[in-house]
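One structure is given below, encoded as structure tokens.
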Amino acid sequence: MTNLADLGIREISLKEFDGICIGHAEDSVGVTGCTVLAAKEGMAAAVDVRGGGPASRETTLLDPLSSAESIHAIVLSGGSAFGLDAASGVMEYLEENGIGFDTGFSKVPLVCQSCIYDLGIGSSSSRPDKAMGYEACKNAFQVNDGTQMGNVGAGIGATVGKARGAQSMMKSGLGIYCLAWGELKVGAVAVVNALGDIYDYKTQKKIAGMRNLEGSGFQDCQEELLRTLARQEGDNLFTSNTTIGVIITNGDFNKMQLKRVCSASHNAYARTIRPVHTSADGDSIYAVCAGKRVSANVDMVSILAEEAMAMAVNQAVYSAQSWEEIPAARDFHAADN
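Using the numbering used here, you'd call the opening residue of the sequence shown number 942 and step up by one each time.
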């Protein structure tokens, strides 16, 4: 694997990005939450959805043919489709602070959102709502904590390894990883709620996923899924999984170029999650550029974005904490698989 340090590429904090901020809010009892990435001056954005079961809002705004050149916030949340209510609170906070697209009569904040299904952990009646979205957006501007990972925001209810159901799954969360090369910055935020197993990007060792019946080690999620599908003769699985993420860069790109970046970033999912992009996942990746922008090559940014997203997926697992009987990687000492 390429040694990025030898190329002058270094790890940085999300706080080093200007023009964009991040905030979280969660219900630690109901085990659900949301994360907001907001840009006061707006951000160019695109999205690439690969999974079969996304829960999303205002996705068509990001189509290269859409007239909207920028948006003001992306919301990542739990709650499945119920969680889409959180965007209303984000819009309210942005409007109160004079942030939005000026229509001549009112400033209308443009807010996109993707949700994970976390109703199977904690309370199924606890979902991100307008108040939680408002709080997360307020925290984005007032706290802007780009260092929190694990059981925070949209990641508080994230789990992985669910081909055999909740009894064998493991805890995951929210991960962040950022890189810089000279003035160019590329970062990734990932909420990992995958059906499949998670592998270390560099070693390809399984680090979280479906546990065996005894709970003492791993069982192969992809193999189990194939058995299940064979028994069910192709019946669809319920879409209760999703890995959602955002690539952030200060590269000066339009929506078409950003679409290429988020499309390439799905390679990171393929390298760290197995199986991935199934009909039971809603896998989505946004790509945005904000703040003071620099000239950049789209292929260079795509390569760095893939690296950052793969590491963010791993960070989501490594920083997660166990919840009740659901173990996290840090507490689960399984034999090598």
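Glycine included, C-beta positions come from ideal geometry on N, C-alpha and C.
Got a sec? Which residues, its chain only, sit under 8 Å from G1175 by beta carbon, not counting five neighbours each side? Residue confidence is low: G1175 scores 49 on pLDDT, short of 50, so the model does not pin down where it sits. No coordinate-derived value is stated.
In the DSSP assignment, find the alpha helix (DSSP H) that holds Q1108 and state where it starts and stops. From DSSP, Q1108 is part of no alpha helix (DSSP H); its letter is neither H nor E.
Go ahead and pull the three-state DSSP assignment for E952. strand
Buried or exposed by the 16-neighbour rule on C-beta atoms within 10 Å, applied to F926: No information on residue 926 is available, as it lies outside the stretch 942 to 1278 that the chain covers here.
So what's R991 in DSSP terms, helix, strand or just coil? coil
In chain order, what residues of the same chain have a beta carbon less than 8 Å from the beta carbon of N1085, not counting five sequence neighbours either side? K956, C962, I963 and G964
Helix or strand or just coil, what does DSSP make of G1121? Looking at the sequence shown, residue 1121 is not Gly but Ala. Note: A1121 maps to strand in three-state DSSP.
State the DSSP-derived secondary structure class of I1027, mapped to helix, strand or coil. The residue you asked about is not Ile; residue 1027 is Ala in the sequence shown. Of the three classes helix, strand and coil, the one that applies to A1027 here is helix, per DSSP.
DSSP beta-bridge partners for H965? T976
Got a sec? Which residues, its chain only, sit under 6 Å from I1267 by beta carbon, not counting five neighbours each side? K1112
Determine whether the beta carbon atoms of A1228 and C1203 lie at a separation below 7 Å. yes
Quick one: what does DSSP say F1159 is sitting in, helix, strand or coil? strand
7 Å Cβ cutoff met for D1222 and N1182: yes
Report yes if the C-beta distance between C1162 and G1186 is below 7 Å; otherwise report no. no
Determine, using beta carbons only, whether E1247 and A1205 come nearer to each other than 7 Å. yes
What is the C-beta distance between V1130 and I1117, in whole angstroms, given that I count them as a contact (C-beta under 8 Å)? 5 Å
Please return the same chain residues whose Cβ sits closer than 8 Å to the Cβ of S954, not counting the five positions on each side in sequence. G1087, T1088 and C1119
If we ignore side chains and look at the alpha-carbon of each, how far apart do L945 and D1043 end up? 42 Å
Enumerated in chain order, which unbroken segments of the beta strand (DSSP E) with a length of 3 residues or greater are wholly contained in the stretch 1030-1094? 1052-1056
Under a Cβ-count criterion, where at least 16 other Cβ atoms within 10 Å of its own Cβ denotes burial, should R1215 be classed as buried or exposed? buried
First and last residue of the uninterrupted alpha helix (DSSP H) at S1206: K1196 to T1213
Among A1027, E1076, E982 and S1109, which has the Cα closest to the Cα of G1156? S1109
Return helix, strand or coil for D947, following the three-state DSSP convention. helix
With 16 as the cutoff for other CB atoms within 10 Å, does L948 come out buried or exposed? exposed
Which residues in the same chain as A1135 place their Cβ atom closer than 6 Å to its Cβ, once the five residues preceding and following it in sequence are excluded? V1101, N1182, T1184 and I1214
According to DSSP, which residues form a beta bridge with K1126? A1121
Below 7 Å between beta carbons: does that hold for S1018 and C1053? no
Could you pull the DSSP bridge partners for D1222 from this structure? N1182
For a quick check, are the C-beta atoms of E1036 and P1050 less than 7 Å apart? yes
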